[in-house]
Amino acid sequence: MKYDHAQMNTRAIEFQKGNQAAFSQLYDAHIRMIYDFIYFKTHHKETAEDLTSITFTKAFEKISQFNAKKASFKTWLYRIAYNTVIDYYRKQKPEKDIEDVWDLSTTDMIDHDTDIRLQLKEVEKYLKELTAQQRTVIIMRVWQEMTYKEIADILNINESNAKMNFSRGIKKL
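The sequence shown begins at 6 in our numbering and counts up one residue at a time.
Right under this line is the structure:
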């Protein structure tokens, strides 16, 4: 099923106006995408679940800040998720480069999602050769199927920079 930006923006506006049921529709339409995005950044099932929950809580509380003229609801929500992951790593590993969260070790976490981790091991080996921004752009473009405009809005870069990061990253891979 193709994602309908206009319909989701309409649901967000309905929620802003007090229609509580509209938020459950937004949640259902985005939960898997947001969870997958956060999982790619944390490599830990429970952490991804917690951060996904925090992301939707923030979206619920800050829905009045959503402006469909500035960005789609999907872009706005991904920006919250992206910032939530950064905040998480700031609290966990202040001595590490926040933007380079792909490289952070998760050995201190007790319960790993080992099946997925093993599948991603080969991919991770190659992705580690990229810059943090190239990795994020490739994850968003390939696995999350985002447009360059959405990626640019989420990462606060211009669209041509997103395209360049993707192109250079793919060449390097």
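Think of the CB as a built atom: it goes at the ideal place given N, C-alpha and C, for glycine as much as any other residue.
Check your understanding: Exposed or buried, what is residue 82 when buried is set at 16 or more other beta-carbons lying within 10 Å of its beta-carbon?
Key -> buried
Check your understanding: To which residues of the same chain is residue 145 closer than 6 angstroms at the C-beta, ignoring the five residues directly before and after it?
Key -> 151 and 156
Exercise for review: Provide the residue span of the alpha helix (DSSP H) that contains residue 19, from first to last.
Suggested key: Start and end: 10-21.
Check your understanding: Which term fits residue 88, buried or exposed, when burial requires 16 or more other beta carbons within 10 angstroms of its beta carbon?
Key -> exposed
Review point. What does a CB cutoff of less than 7 angstroms around residue 177 pick up in its chain, not counting 5 residues either side in sequence?
Key: 134 and 135
Check your understanding: Considering only C-alpha positions, which residue in the set 39, 58 and 64 is nearest to residue 27?
Key -> The shortest C-alpha separation from residue 27 is found at 64.
Review point. Using DSSP with H/G/I as helix, E/B as strand and the rest coil, what is residue 71?
Key: coil
Point to revise | Selected residue, minimal CA-CA separation from residue 72, among 92, 55 and 19 | key: Between residue 72 and the set 92, 55 and 19, the nearest pair of CA atoms involves 19.
Practice item. In the DSSP assignment, find the unbroken alpha helix (DSSP H) run with residue 134 in it and report its ends. Key: Membership of residue 134 in any alpha helix (DSSP H) is not indicated, and neither H nor E is assigned to it by DSSP.
Exercise for review: Taking residue 148 and residue 78 to be in contact with their CB atoms under 8 angstroms, please state how far apart those CB atoms are, rounded to whole angstroms.
Suggested key: Going by Cβ atoms, the distance from residue 148 to residue 78 rounds to 20 angstroms, so no, they are not a contact pair.
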